[in-house]
Amino acid sequence: MLSSQAFLAAPILLFACFMPSHALARMPLDTETLLKKIEATYAEVKDYQVEIEDRTYNRDGSFQIKQFLYTFKEPEWIRLDFETPYSGMVLVYSTLFMESLNKIHTLTMESPEIFEPRMKKICAAGGVAVIFIPELPGTRVYGATRWLNPNKALIQLSLRGKTDDHLWFTFFHEAGHILLHGKRDVFIEAKDEKHRETTRPNKEMEADRFAQDFLIPPGEYLSFMQGQQFSLTAIRQFAKRIETAPGVVVGRLQHGNVIPFSRGNYLKRRFRFSEN
0 MLSSQAFLAA PILLFACFMP SHALARMPLD TETLLKKIEA TYAEVKDYQV EIEDRTYNRD
60 GSFQIKQFLY TFKEPEWIRL DFETPYSGMV LVYSTLFMES LNKIHTLTME SPEIFEPRMK
120 KICAAGGVAV IFIPELPGTR VYGATRWLNP NKALIQLSLR GKTDDHLWFT FFHEAGHILL
180 HGKRDVFIEA KDEKHRETTR PNKEMEADRF AQDFLIPPGE YLSFMQGQQF SLTAIRQFAK
240 RIETAPGVVV GRLQHGNVIP FSRGNYLKRR FRFSEN
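Note that numbering that gives the first Met the number 0 gives residue 20 to position 21 of the sequence shown, counting from 1, and the numbers run on in steps of one.
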């Protein structure tokens with residue numbers, strides 16, 4: 000668990016960096032005034048990035064070091080890129096959009112008539128527009144993400160791949176790009192002419208993992224796998240327990256080579272969205 004010192008380090012560093020030296024010299028020494036100055040300066044900062052080292056000391060004098068890159072962007076978006084000891088691990092905290100995604104997760108079990116308008120409304124409240132578009136002939140594009148401005152992103156989902164497992168994985172994959180990656184990037188998901196996915200850059204693999212773990216929590220999936228029970232009844236029961244559509248679980252098992260692609264497909268729902 001990260002100590003509170005690590006998170007407090009960022010505003011304190013900002014205060015030291017952004018407060019003019021002459022202002023520091025004139026500043027009264029009482030704590031209340033100091034804290035108000037820090038809060039006022041911190042409120043003016045829209046985004047920043049800082050390297051943090053957190054040391055936890057033991058009774059015997061030894062200590063453990065946590066090093067990570069702390070990135071903050073408005074509104075309320077935090078990303079931690081760990082260097083030591085969990086090199087490569089990424090944690091993202093975004094109040095508005097993460098709340099939106101938690102609400103949308105349960106919509107995977109609903110029909111399009113219910114989930115489409117709700118997910119658009121929920122995402123809009125979190126600063127993300129969602130639109131469904133027809134597949135463009137010859138493009139094989141099934142999803143795309145870009146930022147319209149610093150405070151609003153756009154997720155486009157094509158009508159390609161209309162089964163529920165494909166649709167929801169694509170949506171949460173695009174959501175992963177919004178939470179994990181830069182606002183200047185544009186991400187387009189497509190397949191080549193042989194229906195094999197094009198080369199997967201690191202950011203695409205990160206978004207894949209985000210979607211995979213958000214739809215089916217890793218701990219729940221591991222427990223299910225350890226049970227070695229993959230009957231259709233077991234899949235339905237597991238899906239109900241984690242509040243995810245059975246077709247999503249089937250897709251995960253198929254792509255993980257746990258069950259063949261010929262099995263369980265009738266648990267997937269096929270959607271036909273209006274193109275109007």
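Think of the CB as a built atom: it goes at the ideal place given N, C-alpha and C, for glycine as much as any other residue.
### Query
Apart from the five residues on each side of it in sequence, which residues of its chain come closer than 7 Å, Cβ to Cβ, to M118?
In the sequence shown, residue 118 corresponds to position 119, counting from 1. Within the same chain, M118 has close Cβ partners I103, L106 and V129.
### Query
How far does the alpha helix (DSSP H) with K267 in it reach, from first residue to last?
For the purposes of this step, residue 267 is identified with residue 268 of the sequence shown, where counting begins at 1. DSSP places K267 in no alpha helix (DSSP H); its state is neither H nor E.
### Task
Tell whether a beta-carbon distance below 9 Å holds between T83 and Q66.
Along the sequence shown, one-based indexing puts residue 83 at 84. Along the sequence shown, one-based indexing puts residue 66 at 67. Contact: yes.
### Task
Kindly indicate the opening and closing residues of the alpha helix (DSSP H) around T30.
By one-based count along the sequence shown, residue 30 stands at place 31. It spans T30 to A42 - the alpha helix (DSSP H) in which T30 sits, taken as one unbroken run.
### Query
Who are the near neighbours of V257 in its chain, counting only those whose CB is closer than 7 Å to its CB and skipping five residues on each side?
Locating residue 257 in the sequence shown gives position 258, where the first residue counts as 1. Around V257: F229.
### Query
Anyone know if the C-beta pair for A206 and G175 falls short of 9 Å?
Within the sequence shown, residue 206 is the residue found at index 207, counting from 1. Within the sequence shown, residue 175 is the residue found at index 176, counting from 1. Yes, the Cβ-Cβ distance between A206 and G175 is below 9 Å.
### Task
Could you please give the first and the last residue of the uninterrupted beta strand (DSSP E) stretch that includes E242?
Position 243 of the sequence shown, counted from the first residue, corresponds to residue 242. Per DSSP, E242 is not a residue of any beta strand (DSSP E), being assigned neither H nor E.
### Length of the line joining the Cα atoms of H172 and E31
Taking the first residue of the sequence shown as position 1, residue 172 is located at position 173. Taking the first residue of the sequence shown as position 1, residue 31 is located at position 32. Taking the CA atoms as reference points, H172 sits about 45 Å from E31.
### Task
Tell me whether R78 is buried or exposed, calling it buried when 16 or more other Cβ atoms sit within 10 Å of its Cβ.
As a position in the sequence shown, residue 78 is number 79, starting the count at 1. Counting every other CB atom within 10 Å of its CB across the protein chains shown gives R78 a total of 16 or more, marking it as buried.
### Query
Grouping DSSP H, G and I as helix and E and B as strand, with all else coil, what is S261?
Position 262 of the sequence shown holds residue 261. Three-state result, S261: coil.
### Task
With D163 as the anchor, note down where its alpha helix (DSSP H) starts and where it stops.
Translated into the one-based positions of the sequence shown, residue 163 becomes position 164. Where D163 is concerned, the enclosing alpha helix (DSSP H) starts and stops at D163 to L179.
### Task
Jot down the residue ranges of each uninterrupted alpha helix (DSSP H) in the segment 56–81, minimum 4 residues, whole runs only, in chain order.
Runs of the alpha helix (DSSP H) lying entirely within the segment 56–81, each at least 4 residues long, are absent.
#### Entry: Segment contact, 8 Å Cβ cut-off, at least three pairs: the segment 209–227 with the segment 240–250
Using a Cβ-Cβ distance cut-off of 8 Å, the segment 209–227 and the segment 240–250 are in contact, since at least three pairs of beta carbons, one from each stretch, lie closer than that value.
### Query
H194 to A39, Cα distance in whole Å?
In the sequence shown, the residue the question calls residue 194 occupies position 195. In the sequence shown, the residue the question calls residue 39 occupies position 40. Residue placement at H194 is flagged as unreliable, the pLDDT there being 40, under the threshold of 50; the coordinate-derived value follows with that caveat. About 54 Å.
### Task
Would you list the one or two residues that DSSP bridges to L153?
Residue numbering aside, residue 153 sits at position 154 when the sequence shown is read from its first letter. DSSP, once it has assigned bridges, lists A128 and R145 as partnering L153.
### Query
Which same chain residues, not among the five before or five after G246, have their C-beta less than 7 Å away from its C-beta?
Here residue 246 refers to the residue found at position 247 of the sequence shown. T162, D163, D164, L266, K267 and R268, listed in sequence order.
### Query
At which residues does the alpha helix (DSSP H) containing N201 begin and terminate?
The count along the sequence shown starts at 1 and reaches residue 201 at position 202. Note, N201: alpha helix (DSSP H), N201 to L214.
### Task
Taking F213 as the reference, give the member of E98, E115 and P111 with the closest Cα.
Walking along the sequence shown from the start, residue 213 turns up at place 214. Per the Cα distances, E98.
### Message
On the DSSP letters alone, give me the boundaries of the alpha helix (DSSP H) that Q225 sits inside.
### Response
Counting from one through the sequence shown, the residue named residue 225 turns up at place 226. First-last of the alpha helix (DSSP H) with Q225: P217 to G226.
### Query
Which residues in the same chain have their Cβ closer than 6 Å to the Cβ of E192, if we skip the five residues on either side of it in sequence?
Here the question's residue 192 lines up with position 193 in the sequence shown. Note that E192 has pLDDT 43, beneath the 50 cutoff, so the model's placement of it is unreliable and the number below is only indicative. The same chain holds no residue with a CB closer than 6 Å to that of E192 once the five nearest residues on each side in sequence are set aside.
#### Entry: Cutoff 8 Å; reference G126; Cβ partners in own chain excluding five residues on either side
In the sequence shown, residue 126 corresponds to position 127, counting from 1. Correct list, in chain order: P74, L95, F96, N150, K151 and A152.
### Per-residue burial, L156 [other beta carbons within 10 Å of its own, 16 or more giving buried]
Locating residue 156 in the sequence shown gives position 157, counting from the first residue. Burial is judged here by how many other beta carbons sit within 10 angstroms of a residue's own beta carbon; L156 has at least 16 and is buried.
### Task
Alpha carbon to alpha carbon, how far is F71 from L179? Give it in angstroms, no decimals.
Working through the sequence shown from its first residue, we reach residue 179 at position 180. Working through the sequence shown from its first residue, we reach residue 71 at position 72. Just so you know, the alpha carbons of L179 and F71 end up roughly 12 Å apart.
### Task
Rounded to whole angstroms, what's the CA-CA distance from E50 to K35? Just pull it up for me.
One-based indexing of the sequence shown puts residue 50 at position 51. One-based indexing of the sequence shown puts residue 35 at position 36. Rounded to whole angstroms, E50 and K35 show a C-alpha spacing of 25 Å.
### Task
Pick helix, strand or coil for E52, following the three-state DSSP scheme.
What you label residue 52 is simply residue 53 of the sequence shown in a count that begins at 1. In this structure, E52 counts as strand in the three-state DSSP scheme.
### Task
For V247, name the three-state secondary structure that DSSP assigns.
Here residue 247 is taken as the residue at index 248 of the sequence shown, counted from 1. The answer is helix: DSSP assigns V247 an H, G or I state.
### Reference R235; option with closest CA among E115, Q211, S110 and N264
Locating residue 235 in the sequence shown gives position 236, where the first residue counts as 1. Here the closest residue by C-alpha is N264.
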